[in-house]
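Numbering (the numbering used here), first residue to last: 33 to 358.
(1) Using alpha carbons as the reference points, say which of 267, 65, 314, 316 lies closest to residue 180.
(2) Rounded to whole angstroms, what's the CA-CA distance from residue 296 to residue 287? Just pull it up for me.
(3) Please report whether the beta-carbon of residue 337 lies at a distance below 7 Å from any beta-carbon of chain C.
(4) Between the region 113 to 130 and the region 64 to 84, are three or more C-beta pairs nearer than 8 Å?
(5) Suppose contacts are defined by Cβ-Cβ distances below 7 Å. Is residue 257 in contact with residue 321 by that definition?
(6) Taking contact to mean at least 3 C-beta pairs separated by less than 8 Å, is the region 154 to 172 in contact with the region 274 to 291?
(7) Tell me where the alpha helix (DSSP H) around residue 289 begins and ends.
(8) In this structure, how does DSSP classify residue 133 when only helix, strand and coil are distinguished?
(9) Return helix, strand or coil for residue 159, following the three-state DSSP convention.
(10) Classify residue 132 as buried or exposed, calling it buried when 16 or more other Cβ atoms lie within 10 Å of its own Cβ.
(11) Taking residue 240 as the reference, give the member of 76, 117, 67, 358 with the closest Cα.
(12) Residue 219 to residue 343, Cα distance in whole Å?
(13) Less than 7 Å between the C-beta atoms of residue 196 and residue 202, yes or no?
(14) Whose CA, out of 198, 213, 318, 317, lies closest to the CA of residue 53?
(15) Quick check on the DSSP output: the alpha helix (DSSP H) that includes residue 42 runs from which residue to which?
(16) Using the three-state DSSP reduction, which class does residue 119 fall into: helix, strand or coil?
(17) From 67, 140, 117, pick the residue whose C-alpha is nearest to that of residue 315; which is it?
(18) What did DSSP end up calling residue 294 once you bin it into helix, strand or coil?
(19) Using the Cα positions of residue 176 and residue 44, report the straight-line distance between them to the nearest angstrom.
(20) Who are the near neighbours of residue 80 in its chain, counting only those whose CB is closer than 8 Å to its CB and skipping five residues on each side?
(21) With a Cβ-Cβ cutoff of 7 Å, do residue 217 and residue 242 count as a contact?
(22) Find out if the Cβ-Cβ distance for the pair residue 284, residue 228 is shorter than 7 Å.
(23) According to DSSP, is residue 80 helix, strand or coil?
(24) Using 7 Å as the threshold, is the C-beta distance between residue 145 and residue 182 below it?
(25) Applying the criterion that 16 or more other CB atoms from any shown protein chain within 10 Å of the CB defines a buried residue, is residue 223 buried or exposed?
(26) Taking only the alpha-carbon atoms, compute the straight-line gap between residue 211 and residue 108 and give it to the nearest angstrom.
(27) Out of 207, 244, 298, point me to the one whose CA is closest to residue 259's CA.
(28) Give me the residue from 142, 149, 93 with the minimum Cα distance to residue 116.
(29) For the alpha helix (DSSP H) holding residue 57, just list the boundary residues, first then last.
(30) Determine the DSSP secondary structure at residue 165, reduced to helix, strand or coil.
(31) Just curious, the alpha helix (DSSP H) that residue 317 is in, first and last residue?
(32) Using only CA atoms, which one of 233, 214, 236, 78 lies nearest to residue 269?
(33) Need the endpoints of the alpha helix (DSSP H) that residue 179 sits in, please.
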């Protein structure tokens, strides 16, 4: 297949490295001439310094060059750039499926990213690829399982049959909303896990946070139209575990810094890449209010970030809430 990848960050490059290994031809779009030159000439990605980019992957600055004659398009940009980038390339999209590989929300509309795709590309068949998948591991062939969700069975079949190999197992789902929400909301709990680590809390605290965090994710997810079982699968529980516990997680690292006393700006500077969780916490707080869902972890971490609540007081507040049946 000829595959167009929109975005040259760590996840876009990891997908490219995997897909060229499977036997596909890859063209990547980058907004940065510096990144494009590094990929094409040095065969490197600054976000994956230990990965050598193989032949069969070429990076361009021109959308038409990347998308024209492609069989499928993978969108892999930060969530805040999603609509702007789609607006620039949608003129070149014909009948190719478009797969959302980014996780998060559009802040202005509170849309999940599949909703942005549907609004900008109303005649395209779309899907969402998600699951527990650090770019650092996918790019070197660590066994990984993902889920492709689409309302169109043929889209799921295309991705499953052309992306899977012994290193990457692909499951299918029709629950696009649940898959999108699981992937977007888990970053918030990962951020909280980092805060807990920065405060020096223990395994008991992590277990409670992940378990109750999953409850909150599924509450909001079901209220917004996702299916309960989806949140106990790869894109919910699976993604939550890997993001909360891994040293690769930017969201966990940001929380870790704040748990140790850093400001938001200091954490952003230290991490150096997009931290989806900080934006997503504010969005989840608004969605919680809109759908009238009880989410005490989300509400409390929102107050830590935006209302000057200290992490220590946040833990105390969560632990001393009214006792109730699980």
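Every residue, glycine too, gets a C-beta built ideally from N, C-alpha and C.
According to the structure shown:
(1) For the options 267, 65, 314, 316, the alpha carbon positioned closest to that of residue 180 is the one of 267.
(2) In this structure, the alpha-carbon of residue 296 lies about 9 Å from that of residue 287.
(3) Judged by its chain identifiers, the structure shown contains no chain C, having just a single protein chain.
(4) Under the 8 Å Cβ criterion, the region 113 to 130 does not count as touching the region 64 to 84, having fewer than three qualifying pairs.
(5) When the beta-carbon positions are compared, residue 257 and residue 321 stay at least 7 Å from each other.
(6) Counting Cβ pairs under 8 Å, three or more are found: they touch.
(7) Going by DSSP, residue 289 is part of the alpha helix (DSSP H) stretching over 282 to 291.
(8) Residue 133 falls in the coil class under three-state DSSP.
(9) Strand at residue 159.
(10) Buried is the call here.
(11) When the alpha-carbon of residue 240 is set against those of 76, 117, 67, 358, the nearest one is in 358.
(12) Roughly 18 Å separates the two Cα atoms.
(13) Yes, Cβ-Cβ distance for residue 196 and residue 202 is below 7 Å.
(14) The residue with the shortest Cα to Cα distance from residue 53 is 198.
(15) Start and end: 42 to 54.
(16) Residue 119 falls in the helix class under three-state DSSP.
(17) For residue 315, the nearest C-alpha among the options comes from 140.
(18) DSSP places residue 294 in coil when its eight states are reduced to three.
(19) Residue 44 has its alpha-carbon roughly 16 Å from the corresponding atom of residue 176.
(20) These residues qualify, in order along the chain: 42, 45, 46, 167, 168, 171.
(21) Cβ atoms of residue 217 and residue 242: not closer than 7 Å.
(22) Not in contact: residue 284 and residue 228 (Cβ atoms no closer than 7 Å).
(23) Three-state DSSP puts residue 80 in a strand.
(24) Going by C-beta atoms, residue 145 is not nearer than 7 Å to residue 182.
(25) Classification for residue 223: buried.
(26) Looking at the two C-alpha atoms, the distance is approximately 16 Å.
(27) If you compare the alpha carbons of 207, 244, 298 with that of residue 259, the shortest gap goes to 207.
(28) Put simply, of 142, 149, 93 the residue whose alpha carbon is nearest the alpha carbon of residue 116 is 149.
(29) Residue 57 -> not in any alpha helix (DSSP H); beta strand (DSSP E) instead, spanning 57 to 61.
(30) If DSSP states are grouped into helix, strand and coil, residue 165 belongs with coil.
(31) For residue 317, the enclosing alpha helix (DSSP H) starts and ends at 308 to 323.
(32) With distances taken between Cα atoms, residue 269 lies closest to 214.
(33) The continuous stretches of alpha helix (DSSP H) do not include residue 179, which lies in the beta strand (DSSP E) extending over residues 176 to 181.
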